[in-house]
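Trainee: Structure provided below as structure tokens; questions to follow.
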Amino acid sequence: MIDHYIQTIMNLYCDACPYMVMILHSSLTFYSSGHRFEDVPGVRRHLVRKSTKGQVVHVGKDHQETSIRSQKKDRTPHEVFVELNELIMDKNQEMQWRETARWIKFEEDVEEETDRWGKPHVASLSFRSLLELRKTISHGAVLLDLDQKTLPGIAHQVVEQMIISDQIKAEDRANVLRALLLKHSHPSDEKEHSHNPFPRNISAASLGSMLPHHHSSNHIHQPEPSVTEPLMGSASLKESTPNIGMHRSKSKHELKLLEKIPENAEATVVLVGSVDFLEQPTMAFVRLQEAQELDSVLEVPVPVRFIFVLLGPSSTNMDYHQIGRSISTLMSDKHFHESAYLADDRQDLLNAINGFLDCSIVLPPSEMGGEELLHSVSRFQKEMLRKREEQGALLSLLSPGKPGDDPLQRTGRPFGGLIRDVKRRYPKYASDFKDALNAQCAAAVIFIYFAALSPAITFGGLLGEKTEGLIGVSELIVATALQGILFCLLGAQPLLVVGFSGPLLVFEEAFYSFCKGNGVEYLTGRVWIGFWLIIIVVMMVALEGSFLVRFVSRFTQEIFSCLISLIFIFETFSKIGKVFALINAKSIGFVWREPNTALLSLVLMSGTFFIAFYLRKFKNSAFFPGKLRRIIGDFGVPIAILIMVLVDYSIRDTYTQKLSVPSGFSVTSPEKRGWVINPLGMDTPFPIWMMFGSMLPALLVFILIFMETQITTLIVSKKERMLVKGSGFHLDLLVIVVLGGTSALFGLPWMAAATVRSVTHANALTVMSKAVAPGDKPRIQEVKEQRVTGLLVAILVGLSIVIGDLLRQIPIAVLFGIFLYMGVMSLNGIQFTERLMLLLMPPKYHPDHTYVRKVKTLRMHLYTLIQLVCLASLWAVMSTVASLAFPFVLILTVPVKMFLLSRIFTTREMQCLDSDDAEPIFDEREVHDEYSEMHMPV
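Numbered by full-length UniProt numbering, the letters in the sequence shown go through residues 1 to 938 in order.
Right under this line is the structure:
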């Protein structure tokens with residue numbers, strides 16, 4: 001009856017004052033045994049029992065052994081925060097637990113001289129400490145699913161199990177228990193104490209004066225000090241008072257650290273140190289049944305799930321600090337702490353340690369250092385880690401995903417894919433407007449407006465030159481606005497930004513040359529191409545033809561990307577070359593014969609390119625705060641245009657050709673055309689044979705729109721972006737092509753999903769996790785999937801038509817610089833261009849990539865040369881009168897890869913060279929700077 005009464009009081013007080021529990025428990029023990037605190041077998045055996053699994057104990061709240069499989073326990077793995085505490089003597093000659101290191105994925109150590117946190121780094125462990133750790137766990141106490149809510153309760157169970165496992169003697173119980181309950185201190189305590197008059201931790205009396213008594217030869221006959229003695233002094237009780245009902249506000253240090261710890265993370269407390277009263281080391285590994293917030297233990301209020309204790313005499317040849325670092329590093333490893341959550345017994349923990357050792361590297365004593373050592377270590381460990389990931393991937397393949405997860409999966413019914421896209425996406429239509437009520441969306445509108453307006457002006461100016469003013473800046477701005485608005489309202493993936501692109505520019509130039517050479521009206525021919533486009537896309541969607549994008553592999557994508565990049569670069573120098581050629585022309589051009597015009601044009605082009613290029617690189621530099629760097633880097637192109645326009649404006653005595661923009665809402669060349677195009681011909685009747693013959697160029701235009709739109713959708717919808725509303729390949733293709741086909745009636749250009757602008761849009765709406773481990777890369781938390789930002793951007797682009805006076809101040813040479821920038825930046829991250837460089841590089845200098853390690857050098861070069869031949873063939877076709885057919889030649893690279901390369905290269909070689917899982921086809925190296933920006937042809 002008295003036992004039940006005292007136990008009830010303990011339960012009531014355990015939350016309000018956890019240290020009062022030990023006082024009550026001391027009374028219970030005194031009552032039961034009649035002794036102060038000697039070994040009481042009856043009480044001890046009632047609390048814990050020896051397990052049949054080698055001292056692995058599962059203890060219930062009623063102090064009775066329970067089976068791990070008899071109850072449902074939450075074993076869901078969480079992210080972890082690990083804190084290493086070591087026993088030290090403070091300046092007041094009192095023993096305390098001092099935090100010396102912590103792990104939020106990477107290790108951070110407290111610098112002894114300055115008492116500040118050092119830089120996060122990858123932990124390097126000694127092989128001996130890992131072996132010692134494995135040995136201690138194999139012989140120590142392992143308590144899994146311990147049902148305790150306070151540190152005193154946990155400590156008492158740990159000590160009892162240490163006695164049962166014969167690690168310590170019964171007379172050492174009080175000293176070990178007192179050691180486990182010593183005060184915890186942290187490097188931030190002094191700063192916090194200056195703002196908070198009440199200390200965080202409960203002080204304990206000096207343990208140093210008591211420790212020598214326990215090592216004398218007659219210590220058995222001396223009265224043993226009470227376990228509660230350090231907690232019952234007057235000073236201790238006064239200091240413990242403020243901790244009753246611990247509801248203090250979090251300090252600035254805690255809030256800052258909590259931002260870096262992942263949400264719902266659970267903590268691991270590692271306690272290691274040497275004491276003089278033990279004759280041999282003692283260890284305990286504890287997993288609590290439920291994570292508990294233990295007051296005054298951690299530097300931040302994170303619930304504790306695991307506790308590791310290692311105490312022993314200083315005379316043993318054991319480095320407690322290194323062993324503590326070893327178990328801390330293991331617990332910060334994803335695979336190990338997941339195994340620790342799921343472990344049923346000691347052997348599971350040992351197996352997890354073995355798995356960790358299998359992926360670890362032992363460096364023999366050597367004088368080698370620097371990059372050579374890092375390269376060899378990195379290469380070897382990547383191979384071992386890859387094997388571990390492959391095993392995990394194999395298990396994931398065995399569990400098939402949910403049916404209907406794949407938006408490209410065919411239903412076998414006419415328009416089945418389109419119907420499924422509508423059913424998947426339109427029920428979330430209302431949320432597409434509610435989710436836009438966010439400050440990040442407002443900022444994204446401003447950024448994407450410039451990202452969409454700059455290409456519209458650039459392509460509009462060049463398109464006006466190539467079509468002799470029939471389609472120019474005005475038409476491109478109007479088309480970008482109207483088609484953008486309608487797509488944002490009707491499309492399935494509103495993150496896509498609809499715009500003009502490089503492949504379409506090449507086609508427009510080729511088709512205009514064809515029409516001019518055959519005496520056919522260019523704009524009327526585009527109307528009939530638009531009609532056929534609508535027919536083709538309806539047939540394609542009815543047959544669920546979007547699944548064909550699966551066959552457009554890396555081989556074709558890389559050729560396509562390099563081709564457009566080369567077109568941009570070639571166009572830039574070709575136009576500048578024409579400016580220089582006009583210097584010696586015999587025409588009456590009054591200003592063209594001045595050398596200053598050509599020189600200034602070259603300066604404007606080069607200046608625009610280098611400013612935009614280096615501002616883009618500045619984004620990842622070490623200067624200025626990260627937010628300022630991102631703003632400067634993201635707005636590099638508008639900044640470059642503004643600076644060089646001001647340079648041109650300040651030089652009044654030299655002529656440069658400017659952008660041709662009409663005043664107000666008007667076509668580029670009002671004297672040549674109006675806003676509506678007559679399908680039967682504007683000046684002369686349109687040939688009937690060309691009405692049907694337009695089907696062929698319509699097919700070529702559809703190939704370009706199909707490839708760029710579908711590939712862009714694949715990139716934006718990548719699994720890493722964690723999109724939740726889904727996308728619609730069939731619906732988006734139908735909307736974009738129908739809008740483009742209809743726009744031809746008004747003399748407006750066709751549009752596609754512009755890759756760079758779409759990826760930039762998705763990146764600007766990406767929310768990165770604030771819980772980032774120091775030294776780690778931020779991870780995507782969510783993407784603001786909504787329709788408002790794209791809608792507002794399209795409206796703002798349309799309103800830009802009223803700033804014609806400003807646009808007419810932009811020199812054409814500045815647009816050449818932007819084209820050069822697009823071409824150069826589009827080459828970044830493309831594996832084909834990297835392999836082209838390897839042709840000129842000795843094998844010993846080749847980078848550590850999958851296609852280099854697993855494919856023989858000559859075979860890799862052969863694959864590169866085949867791609868180069870295909871690229872050269874495309875370029876040759878574009879340079880002839882057959883340039884109109886280059887999209888058809890491009891699509892022929894798909895069967896070349898499927899039927900020719902499969903006969904030359906093995907399946908393994910093809911996987912390494914063409915797999916999308918090896919390295920990204922587009923550059924994503926800037927993910928650590930809040931979000932990445934992949935480079936693709938504009």
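C-beta atoms are modelled at their ideal positions from N, C-alpha and C, and glycine is treated no differently.
All figures in this text were calculated on a predicted structure; none of them were measured in a lab.
(1) Over the uninterrupted beta strand (DSSP E) stretch that includes Arg102, give me the two end residues.
(2) Output needed for Ile588: all residues of its chain with C-beta closer than 7 Å, excluding positions within five of it in sequence on either side, in chain order.
(3) Assuming Gly312 contacts Thr282 (C-beta within less than 8 Å), just tell me the rounded distance between them.
(4) Just to check my reading of the structure: Ile477 and Ile801 have Cβ atoms closer than 8 Å, yes? What is that Cβ distance to the nearest angstrom?
(5) DSSP state of Arg128, grouped into three classes?
(6) Kindly list the residues whose CB is nearer than 8 Å to the CB of Leu486, restricted to its own chain and excluding five residues on each side of it in sequence; keep chain order.
(7) Taking Gln831 as part of the beta strand (DSSP E), name the residues at either end of that continuous run.
(8) Is the CB-CB distance between Gly636 and Arg616 below 8 Å?
(9) Please classify Thr329 as buried or exposed, where buried requires at least 16 other C-beta atoms within 10 Å of its C-beta.
(10) Output needed for Leu288: all residues of its chain with C-beta closer than 6 Å, excluding positions within five of it in sequence on either side, in chain order.
(11) Residues in the same chain with beta-carbon distance under 6 Å from Val716, minus the five sequence neighbours each way, listed in chain order, please.
(12) Tell me the rounded alpha-carbon separation between Ser873 and Met898.
(13) Quick one: is Phe127 buried, meaning 16 or more other Cβ sit within 10 Å of its Cβ, or exposed?
(14) Would you tell me roughly how many angstroms separate the C-alpha atoms of Ile536 and Phe555, rounded to the nearest one?
(15) When you compare the region 782-789 with the region 741-748, are there three or more beta-carbon pairs, one atom per stretch, that lie closer than 8 Å?
(16) Am I right that Val814 and Leu582 are in contact with their C-beta atoms under 8 Å? What's the rounded C-beta distance?
(17) Run through the region 300-377 for me and flag every whole alpha helix (DSSP H) of 4 or more residues, listed as ranges in chain order.
(18) Span of the alpha helix (DSSP H) holding Met898?
(19) What three-state label does DSSP hand Asp109 in the structure shown?
(20) Taking 8 Å as the CB-CB limit, is Asn596 close to chain C?
(21) How many whole angstroms separate the CB atoms of Gly484 and Val797, which I take to be in contact at a CB cut-off of 8 Å?
(22) Where DSSP assigns a beta bridge to Val269, which residues make up the other side?
(23) What is the rounded straight-line gap between the Cα of Gly693 and the Cα of Ile711?
(24) Looking at Ala340 and His78, is the spacing between their C-beta atoms short of 8 Å?
(25) Relative to the alpha-carbon of Glu782, which residue among Phe819, Lys718, Gly817, Ile818 has its alpha-carbon at the smallest distance?
(26) Within the same chain, show all residues whose beta-carbon is closer than 6 Å to that of Thr572, passing over the 5 residues directly before and after it, in chain order.
(27) Just to confirm, is the Cβ distance from Arg134 to Leu310 under 8 Å?
(28) By the three-class DSSP mapping on this structure, what secondary structure does Pro811 have?
(29) Looking at the secondary structure, which residues open and close the alpha helix (DSSP H) in which Glu259 lies?
(30) Count the other CB atoms, across all protein chains shown, that sit within 10 Å of the CB of Tyr863; report buried if there are 16 or more and exposed otherwise.
(31) Quick one: complete alpha helix (DSSP H) runs, 4+ long, within the region 472-559?
(32) Taking the C-alpha atoms as reference points, what is the distance between His861 and Asp848?
(33) Just verifying my parser: in three-state terms, what is the DSSP assignment at Leu806?
(34) If you draw a straight line from the C-alpha of Leu398 to the C-alpha of Gln409, how long is it?
(35) Cβ of Ser138 within 7 Å of any heavy atom in the ligand FAD?
(36) Count the other CB atoms, across all protein chains shown, that sit within 10 Å of the CB of Trp103; report buried if there are 16 or more and exposed otherwise.
Mentor: Taking the geometry as given:
(1) Translated into the one-based positions of the sequence shown, residue 102 becomes position 102. First-last of the beta strand (DSSP E) with Arg102: 95-104.
(2) Indexing the sequence shown from 1 puts residue 588 at position 588. For Ile588, the predicted structure reports a pLDDT of 41, less than 50, and the residue's modelled location is therefore unreliable. A value from the coordinates is still provided. Closer than 7 Å at Cβ, skipping near neighbours: no residue.
(3) Locating residue 312 in the sequence shown gives position 312, counting from the first residue. Locating residue 282 in the sequence shown gives position 282, counting from the first residue. So it is a contact: roughly 6 Å between Cβ atoms.
(4) The sequence position of residue 477 within the sequence shown is 477, counting from 1. The sequence position of residue 801 within the sequence shown is 801, counting from 1. At roughly 5 Å, the Cβ-Cβ gap stays under 8 Å, so Ile477 and Ile801 are in contact.
(5) On the sequence shown, position 128 is the one that residue 128 refers to. Three-state DSSP puts Arg128 in a helix.
(6) Within the sequence shown, numbered from 1, the residue matching residue 486 stands at position 486. These residues qualify, in order along the chain: Val735, Leu739.
(7) In the sequence shown, residue 831 corresponds to position 831, counting from 1. Segment 831-838 is the alpha helix (DSSP H) holding Gln831; no beta strand (DSSP E) there.
(8) For the purposes of this step, residue 636 is taken as the residue at position 636 of the sequence shown. For the purposes of this step, residue 616 is taken as the residue at position 616 of the sequence shown. Going by C-beta atoms, Gly636 is nearer than 8 Å to Arg616.
(9) Sequence index remark: in the sequence shown, residue 329 carries index 329 (1-based). Thr329 comes out buried.
(10) Counted from its first residue, the sequence shown places residue 288 at position 288. So the list reads Leu146, Arg305, once near-sequence residues are dropped.
(11) Position 716 of the sequence shown holds residue 716. Only Leu495, Ser758, Ala762 meet the Cβ criterion.
(12) Stepping through the sequence shown from its first residue, residue 873 is reached at position 873. Stepping through the sequence shown from its first residue, residue 898 is reached at position 898. Approximately 18 Å between the Cα atoms of the pair.
(13) Translated into positions along the sequence shown, residue 127 becomes position 127. Exposed.
(14) Counting from one through the sequence shown, the residue named residue 536 turns up at place 536. Counting from one through the sequence shown, the residue named residue 555 turns up at place 555. Roughly 26 Å between the two C-alpha positions.
(15) no
(16) Counting from 1 along the sequence shown, the entry for residue 814 is found at position 814. Counting from 1 along the sequence shown, the entry for residue 582 is found at position 582. About 18 Å separates the two Cβ atoms, so there is no contact after all.
(17) 320-332, 334-342, 346-358
(18) Position 898 of the sequence shown, counted from the first residue, corresponds to residue 898. Here Met898 belongs to no alpha helix (DSSP H), and DSSP marks it neither H nor E.
(19) Along the sequence shown, read from residue 1 onward, the residue named residue 109 stands at position 109. Reduced to three states, the DSSP call for Asp109 is strand.
(20) Considering every chain present, this structure includes no chain C. It has just one protein chain.
(21) Along the sequence shown, read from residue 1 onward, the residue named residue 484 stands at position 484. Along the sequence shown, read from residue 1 onward, the residue named residue 797 stands at position 797. With a Cβ gap of about 7 Å, Gly484 and Val797 count as contacting.
(22) Walking along the sequence shown from the start, residue 269 turns up at place 269. For Val269, which the question treats as bridged, DSSP gives the partners Glu83, Ile307.
(23) Taking the sequence shown and counting its residues from 1, the one referred to as residue 693 is at position 693. Taking the sequence shown and counting its residues from 1, the one referred to as residue 711 is at position 711. Approximately 28 Å between the Cα atoms of the pair.
(24) For the purposes of this step, residue 78 is identified with residue 78 of the sequence shown, where counting begins at 1. For the purposes of this step, residue 340 is identified with residue 340 of the sequence shown, where counting begins at 1. No, the pair does not count as a contact, with Cβ atoms beyond the cut-off.
(25) Numbered from 1 along the sequence shown, position 782 holds the residue referred to as residue 782. Among Phe819, Lys718, Gly817, Ile818, the Cα nearest to that of Glu782 belongs to Lys718.
(26) What you label residue 572 is simply residue 572 of the sequence shown in a count that begins at 1. Cβ within range, chain order: Phe816, Phe819, Leu820.
(27) Mapped onto the sequence shown, residue 134 falls at position 134. Mapped onto the sequence shown, residue 310 falls at position 310. No.
(28) Working through the sequence shown from its first residue, we reach residue 811 at position 811. Reduced to three states, the DSSP call for Pro811 is strand.
(29) Within the sequence shown, the letter at position 259 stands for residue 259. Run containing Glu259: 252-260, per the alpha helix (DSSP H) assignment.
(30) Reading the sequence shown from its first residue, position 863 is the one you call residue 863. Classification of Tyr863: buried, given that the 10 Å Cβ count is 16 or more.
(31) 473-490, 502-518, 522-542
(32) On the sequence shown, residue 861 is found 861 positions in, with the first residue counted as 1. On the sequence shown, residue 848 is found 848 positions in, with the first residue counted as 1. Each residue's alpha carbon lies about 16 Å from the other.
(33) Here the question's residue 806 lines up with position 806 in the sequence shown. Helix, per DSSP.
(34) In the sequence shown, counting from the first residue as 1, residue 398 sits at position 398. In the sequence shown, counting from the first residue as 1, residue 409 sits at position 409. Here the model assigns Leu398 a pLDDT of 40, short of 50, so the residue's position is not dependable and the matter cannot be decided.
(35) The ligand FAD is absent from the structure shown, which contains no ligands of any kind.
(36) The sequence position of residue 103 within the sequence shown is 103, counting from 1. Trp103 is buried by the Cβ-count criterion.
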